[in-house]
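Taking this note's numbering, the leading residue of the sequence shown gets 1, the next gets one more, and so forth.
Ideal placement from N, C-alpha and C gives every residue a C-beta, glycine not left out.
Working notes for the structure below.
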Amino acid sequence: MELSAFPAFPFTVLAVFFTVFVLAFDFMKTWKKCQNYPPGPRGLPFIGNILQVDLSNPHLSFAKLWKKYGNVVSVQLGWTNTVILNGYETLKEALVMKSEDFADRPVLPVYEDVFKHTGEGIVFARYGPWWREQRKFSLSTLRNFGLGKKSLEMRIVEEAGFLIKEFEDEKGLPFDPHFIVTCATSNIICSIIFGERFEYKDKKFLGFLKTIKESFELEGAFWGQLLNTFPFLRHFLGPHNKIFENQEKTIHFVQKIVTEHKKLWDPNEPRDFIDAFLAEQEKMKNGPKTSFLENNLLGTAYDLFAAGTETTSTTLRWALLFMVLHPDLQSKVHEEIDRVVGKERKVALEDREELPYTNAVIHETQRLGNIVPISLPHQTYRDTEVMGYTIPKGTMIIPNLSSAMFDENIWSTPHQFNPGHFLDSEGRFVKSEAFIPFSAGRRVCLGEQLAKTELFLFLTSMFQHFTFHLPENEPRPSYTEAKYGITLSPLPYRLCVKHR
1 MELSAFPAFP
11 FTVLAVFFTV
21 FVLAFDFMKT
31 WKKCQNYPPG
41 PRGLPFIGNI
51 LQVDLSNPHL
61 SFAKLWKKYG
71 NVVSVQLGWT
81 NTVILNGYET
91 LKEALVMKSE
101 DFADRPVLPV
111 YEDVFKHTGE
121 GIVFARYGPW
131 WREQRKFSLS
141 TLRNFGLGKK
151 SLEMRIVEEA
161 GFLIKEFEDE
171 KGLPFDPHFI
181 VTCATSNIIC
191 SIIFGERFEY
201 KDKKFLGFLK
211 TIKESFELEG
221 AFWGQLLNTF
231 PFLRHFLGPH
241 NKIFENQEKT
251 IHFVQKIVTE
261 HKKLWDPNEP
271 RDFIDAFLAE
281 QEKMKNGPKT
291 SFLENNLLGT
301 AYDLFAAGTE
311 TTSTTLRWAL
321 LFMVLHPDLQ
331 SKVHEEIDRV
341 VGKERKVALE
351 DREELPYTNA
361 VIHETQRLGN
371 IVPISLPHQT
381 YRDTEVMGYT
391 IPKGTMIIPN
401 LSSAMFDENI
411 WSTPHQFNPG
421 HFLDSEGRFV
431 KSEAFIPFSA
441 GRRVCLGEQL
451 AKTELFLFLT
461 SMFQHFTFHL
471 PENEPRPSYT
481 EAKYGITLSP
491 LPYRLCVKHR
């Protein structure tokens, strides 16, 4: 029977019914499930407030919403109920005072495929017994392999020597410091996780670092954000497919190292994090609910490596940029290091208290560099309240760390590079409570202590040996422009080094 034999009106009714059903479903998905829900802009069906958020620079959009709606703002990203937390007092109440309420993570579609092979790792793992077990193990293992000990300090100072040699090899000519400093920071976490360091010219290693860099840029920026908002896009070809290609490359790189470890490891004498995990896996293999599974090893090893490499190296690049743009401040750092350490003795961590200005420069770099402007997303673990507003369980939470780092009520010149933010009237180092570059609470950065140690030892070693300056006849870089991804990175720039 021909289709035209059927009356037209049933199809019209069906279309109307389908439209009403979809709109009702959209309403139910986005319906505020409680009274006293935080204020925010009205969204459109299906897409919510996506047109009001610049996915390439969401931290800038959130700053505007903060000014308009206050410290707790609700938005709709597709069908995801989302609340943005602004201002230090708000962040403190949520992340510290009610840390468990805000300790969960949302499921992000951009990582669904990789989690099938690596488990959730530790950074994006849902809050619960597995996450607590893995975080406790990771912290204790990092300490066992030197975190907070003289042995790790000596390892960083030794790596600083390799870094200085790389700078010397540039012979005063203009160069981009990106991958040189990335290799240096990466080698520290490599020695802890993989039990080895890599040469700065190792092509496979450099390729892996470039893949990590590209992944950070893609996953956190426009295409990654779009994929998290509209997961169905993953089934279509597009630039976002590069994200999945890079994830496969990184899994393969880590898997190869784990496979090599299995051939030689001794459970009684672990050489590194991977060996320690394999030993714990063997000990817990009969446990019915153990988190020590091989896919979790891949995920946790990758998380620690990526976080321990990209964030610290990005901060170092911001520091060098600020110093070449402010040669007068760089001179003050030189003078202080010369007076306290001299030019012959190697810098030690114990020198930090005697180098207040240098320490202030490092902290101001972290503040103004703002490398993780909106932190990683959290999710409410239970129904809770913050600043008097009610937030239901399962709501995605975006801690806007930028709002604390640029708060005009806390910092005298929030948008300028000013080491004085961390010095008192007598030149002694002081740290503001609102300085939270590593976030806060239960999800505070696992590698905070390692990062602080690396930043101090690498930067003081570099400034002890070199004066950094801009190349002649090249455009002057700006710190007001940056590339947003998981981290906020300075745009590529070149500099020159001169032996002091």
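Residue i - containing alpha helix (DSSP H), residue span
i       : result
Ile-337 : 327–340
Ala-360 : 356–369
Gln-225 : 222–229
Asn-144 : 129–144
Arg-345 : Unbroken run through Arg-345: none, as it is neither H nor E.
Asn-241 : 241–264
Asp-113 : 112–118
Leu-278 : 273–283
Cross-strand partners of residue i (DSSP beta bridge)
i       : result
Ser-56  : According to DSSP, Ser-56 bridges with nothing at all.
Tyr-88  : DSSP output for Tyr-88 lists no bridge partner at all.
Lys-483 : Ser-489
Ile-397 : Val-83, His-378
Ile-391 : Thr-384
Asp-104 : Gln-379
Val-72  : Leu-85
Leu-446 : DSSP lists no partner for Leu-446.
Leu-77  : Gly-48, Thr-80
Phe-167 : Its beta-bridge partners do not exist; DSSP assigns none.
Phe-175 : Leu-495
Leu-423 : Phe-429
Residue from the options with nearest C-alpha to residue i
i       : options                            : result
Gln-76  : Pro-399, Ser-56, Pro-45            : Pro-45
His-117 : Pro-174, Ile-371, Ala-184, Thr-300 : Thr-300
Leu-65  : Lys-136, Lys-171, Gly-87, Tyr-127  : Gly-87
Leu-368 : Val-341, Gly-420, Lys-332, Thr-390 : Gly-420
Arg-339 : Glu-354, Leu-349, Pro-327          : Glu-354
Gly-441 : Leu-401, His-415, Phe-458, His-469 : Leu-401
Gly-195 : Asp-328, Phe-463, Pro-270, Asp-383 : Pro-270
Asn-144 : Trp-131, Asp-113, Leu-376, Ile-193 : Ile-193
Gly-220 : Leu-495, Thr-487, Leu-491          : Thr-487
Ile-410 : Phe-137, Ser-432, Leu-209, Phe-322 : Ser-432
Val-258 : Ala-276, Phe-244, Asn-241, Asn-246 : Ala-276
Ala-279 : Pro-267, Lys-289, Gly-172, Thr-229 : Pro-267
Lys-67  : Thr-80, Leu-85, Gln-247, Leu-55    : Leu-85
Glu-153 : Tyr-484, Pro-492, Phe-456          : Phe-456
Glu-89  : Gly-78, Trp-79, Val-72             : Val-72
Tyr-111 : Glu-93, Asn-359, Pro-174, Asn-241  : Asn-241
Trp-265 : Arg-155, His-252, Glu-282, Phe-253 : Glu-282
Ser-478 : Val-324, Gln-35, Phe-222           : Val-324
Through-space distance from residue j to residue i, alpha-carbon basis
i       : j       : result
His-499 : Arg-345 : 16 Å
Gly-148 : Ile-189 : 14 Å
Gln-52  : Ala-63  : 12 Å
Phe-429 : Thr-314 : 23 Å
Asn-296 : Ala-125 : 10 Å
Thr-250 : Leu-293 : 18 Å
Met-97  : Ile-436 : 15 Å
Asn-286 : Pro-41  : 52 Å
Glu-2   : Gly-238 : The predicted position of Glu-2 is uncertain, since its pLDDT is 45 and thus under 50; a value taken from the coordinates is nonetheless stated next. Distance between the alpha carbons of Glu-2 and Gly-238: 40 Å.
Phe-273 : Ala-482 : 34 Å
Lys-150 : Pro-231 : 47 Å
Pro-129 : Lys-136 : 11 Å
Arg-494 : Pro-288 : 54 Å
Phe-6   : Phe-236 : Because Phe-6 carries a pLDDT of 43, less than 50, the predicted location of this residue cannot be relied on, and the following value inherits that uncertainty. Approximately 35 Å between the Cα atoms of the pair.
Phe-322 : Met-284 : 49 Å
Glu-474 : Phe-175 : 12 Å
Glu-168 : Val-497 : 8 Å
Leu-91  : Phe-162 : 40 Å
Glu-133 : Thr-312 : 26 Å
Gly-207 : Gln-225 : 25 Å
Ala-160 : Thr-185 : 9 Å
Ile-180 : Ser-138 : 27 Å
The beta strand (DSSP E) enclosing residue i, as first and last residue numbers
i       : result
Thr-384 : 384–386
His-469 : 466–469
Val-497 : 496–499
Cutoff 7 Å; reference residue i; Cβ partners in own chain excluding five residues on either side
i       : result
Lys-332 : Tyr-357
Asp-104 : Arg-126, Tyr-127, His-378, Gln-379, Thr-380, Tyr-381
Asn-370 : Ser-402, Met-405, Leu-488
Asn-228 : Leu-108, Pro-109, Val-110
Cβ shell of residue i (< 6 Å), same chain only, five flanking positions each side left out
i       : result
Ser-4   : With a pLDDT of only 47 at Ser-4, under 50, the local geometry of the prediction cannot be trusted, and the value read off the model is given with reservation. If we look at Ser-4 and ignore the five residues flanking it on each side, it has no Cβ neighbours.
Glu-426 : none
Ile-391 : Val-83, Thr-380, Thr-384
Phe-305 : Ile-189, Ile-193
His-465 : Ile-164
His-59  : Pro-373, Ile-374, Ser-402
Residues near residue i in its chain [Cβ-Cβ closer than 8 Å; skip 5 each side]
i     : result
Ala-8 : Its pLDDT being 49, under 50, Ala-8 is placed unreliably by the model, and nothing is read from it.
Closer than 7 Å to chain E by CB, residue i
i      : result
Val-73 : As a matter of chain content, chain E is missing from the structure shown, which is built from one protein chain.
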